[in-house]
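*Asks:* My questions all concern the structure below.
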Amino acid sequence: MAKAMVLAEPEGYVRTIVDGGPPMAEILSGMLQATNRGSLDPPVPARYLRKLLVVLKRDSARTASPVGRLSERLSGREHEILQLVAAGKSNRRIAAELFVSVGTVKTHLNNLYRKLGARSRTQAVARVRDLNLI
């Protein structure tokens with residue numbers, strides 16, 4: 748993981764890493780502790796790890812909602828799309844299977860992200876699994 752962070756830091760990658768959610772926060776916290784002790788090999792800049800942790804904390808506060816509840820119910824089509832996303836299907840493949848356009852799939856995904864308080868496919872799938880919806 749440290750090697751990946753060393754490569755990600757100069758490129759400014761943030762979202763790719765923090766979309767991992769709470770499990771990633773645990774990993775980053777451990778890496779920061781190891782960096783502060785000088786035992787992380789290869790060394791990752793502490794400022795980068797702190798920046799990622801701040802973004803994770805902000806995202807967590809922004810998307811926090813009562814467990815087991817959604818602000819809006821998911822439509823049947825949204826639930827169907829979520830199952831296909833969870834199965835690892837691309838937007839193009841989902842569109843082909845459901846006989847809709849890729850644009851329609853993207854619209855449904857954006858509605859899902861809003862309803863679930865998610866910013867990515869990974870977060871959306873994690874959220875519906877937490878809610879036992881798939």
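Count the sequence shown with my numbering and you get residues 748 to 881, in order. Virtual Cβ for every residue (Gly too), placed ideally from N, Cα, C.
1) Could you check the C-alpha separation between Ala749 and Gly864 for me, to the nearest Å?
2) Among residues of its own chain, excluding the 5 on either side of Val753, which ones have a beta-carbon nearer than 7 angstroms to its beta-carbon?
3) Using C-beta distances below 7 angstroms, list every residue in its chain close to Arg876, excluding the 5 sequence neighbours before and after it, in chain order.
4) Measuring only the C-alpha atoms, how far is Arg840 from Leu787?
5) For Ala793, I'd like the list of residues in its chain whose CB is within less than 8 angstroms of its CB, leaving aside the five on either flank, ordered along the chain.
6) In angstroms, rounded to a whole number, what distance separates the CA positions of Leu775 and Ala834?
7) Would Glu883 be called buried (16 or more neighbouring beta carbons within 10 Å of its own) or exposed?
8) Distance check for Tyr795 and Val849, CA to CA, integer angstroms please.
9) Is the CB-CB distance between Ser807 and Pro757 below 8 angstroms?
10) Quick one: what does DSSP say Gly777 is sitting in, helix, strand or coil?
11) Where does Gly864 sit, in a helix, a strand or coil, going by DSSP?
12) If you draw a straight line from the C-alpha of Thr763 to the C-alpha of Met771, how long is it?
13) May I ask you to report which of helix, strand or coil DSSP gives Gly767?
*Replies:* Reading it off the structure:
1) Taking the straight line from one Cα to the other gives about 29 angstroms.
2) Around Val753: Pro789, Val791.
3) Within the same chain, and ignoring the five residues on either side of Arg876 in sequence, no residue has its Cβ closer than 7 angstroms to its Cβ.
4) In a straight line, the C-alpha of Arg840 is about 41 angstroms away from that of Leu787.
5) Apart from the 5 residues on each side of it in sequence, Ala793 sits with its Cβ closer than 8 angstroms to the Cβ of Leu779, Thr782, Asn783 in its chain, given in chain order.
6) For Leu775 and Ala834, the distance between alpha carbons rounds to 27 angstroms.
7) No answer is possible for residue 883: the residues shown for the chain start at 748 and end at 881.
8) Those two C-alpha atoms are separated by around 36 angstroms.
9) Result no, Cβ atoms of Ser807 and Pro757 do not sit closer than 8 angstroms.
10) DSSP, reduced to helix, strand and coil, places Gly777 within a helical segment of the structure shown.
11) DSSP places Gly864 in coil when its eight states are reduced to three.
12) Approximately 11 angstroms between the Cα atoms of the pair.
13) In the structure shown, Gly767 sits in coil (DSSP, three-state: anything other than H, G, I, E or B).
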